[in-house]
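Chains as they are written, first to last, in my numbering: chain A, 268 to 392; chain B, 56 to 415. What follows is a single structure, written as structure tokens, with notes after it.
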């Protein structure tokens, strides 16, 4: 099964650090980086492959389209509301309300508080 | 001027009573104004027979008695012959009352003056006794009754004064209004001070005049509720307008009260303008605090998390010297310390349970 990693975060430095660390876990993984959640959404809708396995690391607080809006769009789309998509929220927010809210989305498999650690990444991959 | 009809059977009764009945030991000072020495001797005798701790003062004329009342204040009862050498009848009663204040007066009279004596009752005289019928029991009963009644009347006056004082001197504005015309019937000093209208001005106004123009509809609505429920209750928060035009927020308590023989309503008005203002300020601060909590959680922590991420990555890269590792470790420790501080602020602001405060 083809594993695809998507980093959705408006912070380019964070994306750079994250991709470095992910490659430390598995150097062969393909990582797509999106600084704009809408572009990530467009990509998924256009190129979604039922046979693939998508691991999305999703930031919450982003301009234009927030992580929540991205999740809503994914879950409202019959095509992308799919077992083959795993979303991990990656946020600097430690707000309990955010953590509880993320649990209401079936696509969300975990809530990770920034910064990411190698251990956490290893357990996900 | 008149003498008692004196017969022996009555006299005999008196003798028996002296030995068989216990005397009343109520302390008593009685002024007897009586010009007939014979009548006085009998009355004095009856009084001493019934009261053990009595002081009897005797005067023969109004003139003499008047100066006695002036100088001796502690007279409990005045026994007054309705016909004296210097004054008589209603005029006598009025003159004695001028001097005696509210000391109970019992009139002594003969059969021929009963009509006159009866009239004096309306002047505030306690009782009248017909001389020919006086005996120790009658005079005893009349005195005790007059004294008790005076105490009771004083108590009523006192209670009325207390109620009036509660209204007049209440630190919170109060008024009584006519539920039909909505006119003010009475207002207390606190209302006069708060609203700026004099008592005379208030009595020319209706409830509508202390409501701002845009709250008149609300007034009609709340009055309907007031009249329907008709009980004592908290009426709610209202906007009132002072004479100066300034608007204030008040809490109104309303209750039914009998006033001048009619069903009226008694209102207590509590100015909560400042309180409302404080609550508004607190709510505003509360919103800002929530904003700060959110900023701490999402914005301030973001660059720190990025910094810590880079440090993590840096530590994973091989090839650093011991010194570099030490320095990196110190940067990480400082960053983690800062993170703890931010987490602490977030926890504290969340612990205030801001949602509950807002809903309350």
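For glycine and all other residues, C-beta sits at the position ideal for the given N, C-alpha and C.
Who are the neighbours of residue 352 of chain B on chain A, taking C-beta pairs under 7 Å?
-> Walking along the second chain from the start, residue 352 of chain B turns up at place 297. 360, 361 and 362, listed in chain order.
For residue 392 of chain A, which three-state DSSP category applies?
If you number the first chain from 1, residue 392 of chain A lands on position 125. Per DSSP, reduced to three states, the secondary structure at residue 392 of chain A is coil, with no helix or strand assignment.
Measure from the C-beta of residue 280 of chain A to each C-beta in chain B and report whether the shortest distance is under 8 Å.
Indexing the first chain from 1 puts residue 280 of chain A at position 13. It does: the Cβ of residue 280 of chain A has a partner Cβ on chain B nearer than 8 Å.
- Query: Would the beta-carbon of residue 416 of chain B fall within 8 Å of that of residue 90 of chain B?
  - Reply: Outside the displayed range of chain B (56 to 415) lies residue 416 of chain B, so it cannot be described from this structure.
Practice prompt. Determine whether the Cβ of residue 330 of chain A lies closer than 8 Å to any Cβ atom of chain B.
Written response: Within the first chain, the letter at position 63 stands for residue 330 of chain A. With a threshold of 8 Å between beta carbons, residue 330 of chain A makes no contact with chain B.
Where residue 189 of chain B falls: helix, strand or coil (DSSP) | Residue numbering aside, residue 189 of chain B sits at position 134 when the second chain is read from its first letter. Coil at residue 189 of chain B, not helix or strand.
* **Cβ contact (3+ pairs, closer than 8 Å) linking the region 348-363 of chain B and the region 378-387 of chain A** => They touch, by the three-pair rule.
For a test of the three-state rule: what should DSSP assign to residue 325 of chain B, helix, strand or coil? Within the second chain, the letter at position 270 stands for residue 325 of chain B. The three-state reading of DSSP puts residue 325 of chain B in strand, counting E and B together.
Task: Residues that DSSP places opposite residue 296 of chain B in a beta bridge - done: For this step, residue 296 of chain B is matched to residue 241 along the second chain. Looking at the DSSP output, residue 296 of chain B shares a beta bridge with B:302.
- Task: Using a cut-off of 7 Å between C-beta atoms, extract the partners of residue 288 of chain A located in chain B.
- Result: Residue mapping note: residue 288 of chain A aligns to position 21 of the first chain, counting from 1. Those within 7 Å of residue 288 of chain A in chain B are 368.
Closer than 8 Å to chain B by CB, residue 385 of chain A:
The residue labelled residue 385 of chain A in the question sits at position 118 within the first chain. So yes, residue 385 of chain A belongs to the interface.
With a Cβ-Cβ cutoff of 8 Å, do residue 272 of chain A and residue 296 of chain A count as a contact? Your numbering for residue 272 of chain A matches position 5 in the first chain. Your numbering for residue 296 of chain A matches position 29 in the first chain. The answer is yes: Cβ separation under 8 Å.
* Asked: Cβ atoms of residue 357 of chain A and residue 276 of chain A: under 8 Å apart, would you say?
  -> Locating residue 276 of chain A in the first chain gives position 9, counting from the first residue. Locating residue 357 of chain A in the first chain gives position 90, counting from the first residue. Yes. Within cutoff.
How many Å lie between residue 151 of chain B and residue 117 of chain B at the Cα? Mapped onto the second chain, residue 151 of chain B falls at position 96. Mapped onto the second chain, residue 117 of chain B falls at position 62. One C-alpha to the other measures close to 8 Å.
- Distance CB(residue 319 of chain B)-CB(residue 304 of chain B) smaller than 8 Å: As a position in the second chain, residue 319 of chain B is number 264, starting the count at 1. As a position in the second chain, residue 304 of chain B is number 249, starting the count at 1. Contact: no.
* **Three-pair Cβ contact test at 8 Å for the region 371-379 of chain A versus the region 328-344 of chain A** => Verdict: yes, contact present.
Once DSSP output is grouped into helix, strand and coil, what is the label at residue 412 of chain B? As a first step, residue 412 of chain B must be located in the second chain, where it is residue number 357. Only weak support is given to the placement of residue 412 of chain B: the predicted model assigns it a pLDDT of 45, under 50, and the value that follows is read from those uncertain coordinates. Taken through DSSP and simplified to helix, strand or coil, residue 412 of chain B comes out as helix.
Going by beta carbon distance, what residues of the same chain come within less than 6 Å of residue 183 of chain B, once the five residues before and after it are set aside? As a position in the second chain, residue 183 of chain B is number 128, starting the count at 1. Excluding sequence neighbours, residue 183 of chain B sits near 162, 164 and 172.
**Prompt:** DSSP on residue 239 of chain B, reduced to helix/strand/coil?
**Reply:** Residue numbering aside, residue 239 of chain B sits at position 184 when the second chain is read from its first letter. In the three-state scheme derived from DSSP, where H, G and I count as helix and E and B as strand, residue 239 of chain B is classed as strand.
Closest to residue 255 of chain B by CA distance: which of B:266, B:119 and B:243 is it? Translated into positions along the second chain, residue 255 of chain B becomes position 200. Residue nearest to residue 255 of chain B within the set B:266, B:119 and B:243 is B:243 (criterion: CA-CA distance).
Item to check | Reduced DSSP category for residue 317 of chain A - H, G, I as helix; E, B as strand; rest coil | outcome: In the first chain, counting from the first residue as 1, residue 317 of chain A sits at position 50. Coil, per DSSP.
* Using the beta-carbon of each residue, which ones in chain A are nearer than 8 Å to residue 357 of chain B? -> Numbered from its first residue, the second chain carries residue 357 of chain B at position 302. The contacting residues are 278, 328, 359 and 381.
To the nearest angstrom, how far is the alpha carbon of residue 252 of chain B from that of residue 210 of chain B?
Residue mapping note: residue 252 of chain B aligns to position 197 of the second chain, counting from 1. Residue mapping note: residue 210 of chain B aligns to position 155 of the second chain, counting from 1. The alpha-carbon atoms of residue 252 of chain B and residue 210 of chain B are separated by roughly 34 Å.
Going by DSSP in three states, residue 272 of chain B sits in which element: helix, strand or coil? Within the second chain, the letter at position 217 stands for residue 272 of chain B. It is helical.
query = Which residues in chain B sit within 7 Å of residue 284 of chain A, going by Cβ to Cβ distance?
reply = Taking the first residue of the first chain as position 1, residue 284 of chain A is located at position 17. Residues of chain B whose Cβ lies closer than 7 Å to the Cβ of residue 284 of chain A are, in chain order, 364, 365 and 368.
Between residue 436 of chain B and chain A, is any beta-carbon pair separated by less than 8 Å? Within the shown structure, residues of chain B are numbered from 56 to 415, placing residue 436 of chain B beyond reach of any answer.
* **N- and C-terminal bounds of the alpha helix (DSSP H) containing residue 154 of chain B** => For the purposes of this step, residue 154 of chain B is identified with residue 99 of the second chain, where counting begins at 1. For residue 154 of chain B, the enclosing alpha helix (DSSP H) starts and ends at 144-155.
Any beta carbon of chain E sitting closer than 8 Å to that of residue 342 of chain B?
Looking for chain E here will not work: the only protein chains present are A and B.
Under 7 Å between beta-carbons, which chain A residues line up against residue 361 of chain B? List them in chain order, please.
One-based indexing of the second chain puts residue 361 of chain B at position 306. Near residue 361 of chain B (Cβ distances below 7 Å), the residues of chain A are 278, 280 and 281.
Cutoff 8 Å: residue 237 of chain B Cβ touching any chain A Cβ: Mapped onto the second chain, residue 237 of chain B falls at position 182. Not an interface residue.
Taking the runs of the alpha helix (DSSP H) that are 4 residues or longer, which of them lie wholly in the region 319-368 of chain A? Taking only runs of at least 4 residues, the alpha helix (DSSP H) segments lying wholly in the region 319-368 of chain A are 334-343.
Tell me the rounded alpha-carbon separation between residue 294 of chain B and residue 309 of chain A.
Against the second chain, residue 294 of chain B aligns to sequence position 239. Against the first chain, residue 309 of chain A aligns to sequence position 42. If I take the Cα positions, the gap works out to 56 Å.
Between which two residues does the alpha helix (DSSP H) containing residue 290 of chain A stretch? Along the first chain, read from residue 1 onward, the residue named residue 290 of chain A stands at position 23. For residue 290 of chain A, the enclosing alpha helix (DSSP H) starts and ends at 279-292.
Spatial neighbours of residue 315 of chain B in its chain, beta-carbon cut-off 6 Å, leaving aside the 5 residues before and after: Numbered from 1 along the second chain, position 260 holds the residue referred to as residue 315 of chain B. If the five residues before and after residue 315 of chain B are omitted, its C-beta is found closer than 6 Å to no C-beta atom of its own chain.
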